[in-house]
Structure formats: C-alpha cells, structure tokens
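Straight run, no breaks: the sequence shown in the numbering used here ends on number 367.
Where a beta carbon is used, it is the ideal one built from N, C-alpha and C, also for glycine.
Given the structure is predicted, the values throughout are model-derived calculations rather than measurements.
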Amino acid sequence: MTAAENHLIELLPPRDRERLLARCEPFALRLGDVIYEPGMVTTHAYFPVESFISLVTVIDGSPGLEVGMVGREGMLGCNLALDVATTPFRALVQGPGLARRIGMKPFRAELARSPMLQRTVGRYVHVLMAQIAGSSACLHYHQISPRLARWLLMSQDRAHASAFHVTHEFLALMLGVRRVGVTTAAIALQRAGLIDYRRGEMIVLDRAGLVGVACGCYRAQQGNYETLLGHAPVAVP
131 MTAAENHLIE
141 LLPPRDRERL
151 LARCEPFALR
161 LGDVIYEPGM
171 VTTHAYFPVE
181 SFISLVTVID
191 GSPGLEVGMV
201 GREGMLGCNL
211 ALDVATTPFR
221 ALVQGPGLAR
231 RIGMKPFRAE
241 LARSPMLQRT
251 VGRYVHVLMA
261 QIAGSSACLH
271 YHQISPRLAR
281 WLLMSQDRAH
291 ASAFHVTHEF
301 LALMLGVRRV
311 GVTTAAIALQ
321 RAGLIDYRRG
331 EMIVLDRAGL
341 VGVACGCYRA
351 QQGNYETLLG
361 HAPVAVP
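Dropping the structure here:
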C-alpha cells in the first residue's frame, strides 16, 4: 500500500483489504473530468486517494449546484452498494490525482464476500446522506462567507494541502451564488488574514481562524464522520 490510502480501504481487515486492492486498478482523475452524469449507469466505483470529486445536482438544465464532496475519506459509486445501477448526481473532478477504481461486478462480489466492507460502505452512505442534507440546509440558511469558509475547509481536507487551484467562477457555481458575492466574501477572508488568493491559487493561511468563521455545518459533518468511521483525513493546520 502507498503511504496515503483511501480511508475506507484502510478500515478493512488486512485480508479483505488486500483482496479488494487486488481487484482495483490505479486510475488518474484529471481536473474538470465529469465521471458521471445524472441517470448514467454506474460502471465503476472509485476510492479517491489523492483526488477529490464534487457531487453536483442539476435541475432543468441549470449549470448545477454542489451538494456533496468525496475525497480520500469516502467513495464514489455508493449506489452500487444499494443495488441501484444509476447515479442522481454529476460527478465532477475538483482535485486531480490518484484513485482506486473497481468494476461494478467485482465490487458487488467483494461486498457479498466481506461483511466489514458492507458495514463500512453502509456507514459511509449514512455519512454522505447527512452531508448532502446538511449542505442543502446550509445553502438556504447561511450567509456566503461562512459557507465559503466551510467549502474551503472541505476542499483543503481533501487536497491534503494548504494550497489548491480554484477560480471565483467555479466557487460561485458550487455555492450557487453570483460571482460578485464570492469575490466580496473572499476579499473579507483575505483581509482577515485567513486566506490568500492569486491567479486561481487559493492558499489557506490560518486554518483555525477559518474554522472559527465557517458555519457549524463543517464541524457537524466532521463529528458525524468521526462517530461512525473514525477520524477523517484532514489537512495539517
């Protein structure tokens, strides 16, 4: 195994882990790739190692709105564990890098063979449902600055670094607000010394300060993951 590994795979007993890894292939995810569209048949499950993916809901031809994020702490393709062939989301690669990919049939075979894999994936499905539900409420009730801080923390955790590439246009799309709103909120965070932003490069300068600004949704989601699956991989402050 590599020094960095998908957390769900790490939770498996050694024999189950080795068997699952043997049936996975390393797969490089590229920034901006769309892995799935809503209603598309899910042919593979993905376990990100270095990469992370936005789950975007699309309604009536809209550009879409992010309702979830999947990185090393989780997996893409949970619907396969529920015996559902299609996905309701657009899966958009937000952070490039390595993932473990496994076909639908071998993944379901491993699920049938490993009670611990069933338990781990089942608990992650609950965590993901809670994240999506919380994101929906957050989009409606919370101001842009706390939501932006939450989004930056979630991205930093999954990028495993204090710096990552993102544009204001992309942030506006993911947060479902106008670009000017994102720019105003980002300038406020920058003036407070919490972030720096230059030419599409976002740098988190003060993680603890950013956690203080973020809405409670971030801490609630982290706590939910910790309760069910142990500590989620997070960026080093």
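Distance between residue j and residue i (C-alpha atoms, nearest Å)
i, j, result
"T313", "P156", "37 Å"
"L138", "Y327", "32 Å"
"G233", "A322", "46 Å"
"G306", "L278", "11 Å"
"E140", "R238", "19 Å"
"Y166", "V214", "14 Å"
"G353", "R253", "14 Å"
"V255", "I325", "32 Å"
"Q320", "L212", "43 Å"
"P178", "G227", "8 Å"
"G311", "E331", "18 Å"
"L358", "M259", "13 Å"
"A368", "V296", "In the structure as shown, the chain begins at 131 and stops at 367. Residue 368 is therefore absent and cannot be evaluated."
"M205", "R329", "31 Å"
"A242", "R153", "14 Å"
"Q273", "K235", "43 Å"
"H174", "E135", "18 Å"
Which residues DSSP lists as bridging residue i, in chain order
i, result
"I232", "A175"
"I333", "A293 and D326"
"R220", "V186"
"E155", "R231"
"G225", "F182"
"V164", "L222"
Contact with chain B by residue i, beta-carbon distance below 8 Å
i, result
"C347", "Note that chain B does not occur in the displayed structure, where there is just one protein chain."
Neighbourhood of residue i by C-beta, 8 Å cutoff - its chain only, sequence neighbours within 5 removed
i, result
"P142", "Per the sequence shown, the amino acid found at residue 142 is Leu instead of Pro. Taken in chain order, the residues that qualify are L150, S244, M246, L247 and T250."
"M199", "F182, I183, S184, L185, Q224, Q261, M284, S285 and R288"
Contacting residues, own chain, Cβ-Cβ under 6 Å from residue i (five flanking each side not counted)
i, result
"Y355", "V257 and A362"
"R280", "A344, C345, C347 and Y348"
"E370", "Residue coverage of the chain in this structure runs from 131 to 367, which leaves residue 370 outside it and unanswerable."
"L195", "T187 and G306"
"L303", "P193"
For residue j and residue i, believed in contact at Cβ under 8 Å, the rounded distance
i, j, result
"P168", "R220", "6 Å"
"T172", "G207", "5 Å"
"V334", "S292", "5 Å"
"S265", "V197", "5 Å"
"H298", "A316", "7 Å"
Same chain only: Cβ atoms within 7 Å of residue i, ignoring 5 sequence neighbours per side
i, result
"D163", "V223"
"P218", "P168"
"D336", "G323 and L324"
"P309", "In the sequence under discussion, the amino acid at residue 309 is Arg, which differs from the Pro named in the question. Correct list, in chain order: H298, E299 and A302."
"D146", "S244, M246 and L247"
What residue ranges within the segment 166 to 214 form continuous alpha helix (DSSP H) runs of no fewer than 4 residues, ordered along the chain? Fully enclosed alpha helix (DSSP H) runs of 4 or longer: not present.
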